[in-house]
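Participant: In the working numbering, the protein residues as written are 31 to 188.
C-beta atoms are modelled at their ideal positions from N, C-alpha and C, and glycine is treated no differently.
Everything numeric in this text was worked out from a predicted model, so none of it was measured.
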């Protein structure tokens, strides 16, 4: 009887270590996979309804960029932006598409002359992005992820 009790105690202690080591190995594999993953790229770009989700990554990128620039052109065509400057005025709009497909402006980079001559510019850009058609978020290993983009906008000069 004493042998059975000692054997049961030994097996129960050994089995806890067995589970713990499996859990530890699993965590080590996950950590290794996370370290090797390229976090600066996505498996598929954010997509508008007009874009083909089965297309190649490059085709998805082109479709996304085309739809986005078309939306910007159509929206900004309603306004006449001109800047008194010797050089072309370039504005960089940095925006984020979250894991739910919601788009938001993170930053608008422009020089002081643009701010002085067109104080309403930021509001127009922000409103333009709020009125954008629905976007499916980018995917990384089948999971929706947040992505950041930058669009340069060239303004006319007088």
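Beta strand (DSSP E) containing residue 125: first to last residue?
Facilitator: Counted from its first residue, the chain shown places residue 125 at position 95. Residue 125 -> beta strand (DSSP E) spans 119-127.
Participant: Is residue 177 helix, strand or coil when you go by DSSP?
Facilitator: Working through the chain shown from its first residue, we reach residue 177 at position 147. If DSSP states are grouped into helix, strand and coil, residue 177 belongs with the strands.
Participant: Please state whether DSSP places residue 158 in a helix, a strand or coil.
Facilitator: To locate residue 158, count along the chain shown from 1; it is residue 128. Residue state, collapsed to three classes: helix.
Participant: Taking just the CA atoms, how far does residue 75 sit from residue 81?
Facilitator: What you label residue 81 is simply residue 51 of the chain shown in a count that begins at 1. What you label residue 75 is simply residue 45 of the chain shown in a count that begins at 1. Cα to Cα, the separation comes out at about 10 Å.
Participant: Considering only the beta carbon of each residue, do residue 125 and residue 108 sit closer than 7 Å?
Facilitator: On the chain shown, position 95 is the one that residue 125 refers to. On the chain shown, position 78 is the one that residue 108 refers to. At a Cβ-Cβ threshold of 7 Å, residue 125 and residue 108 do not count as neighbours.
Participant: Residues in the same chain with beta-carbon distance under 8 Å from residue 144, minus the five sequence neighbours each way, listed in chain order, please.
Facilitator: Here residue 144 is taken as the residue at index 114 of the chain shown, counted from 1. Taken in chain order, the residues that qualify are 113, 119, 121, 151 and 185.
Participant: Helix, strand or coil, according to DSSP, for residue 79 in the structure here?
Facilitator: Here residue 79 refers to the residue found at position 49 of the chain shown. Coil, per DSSP.
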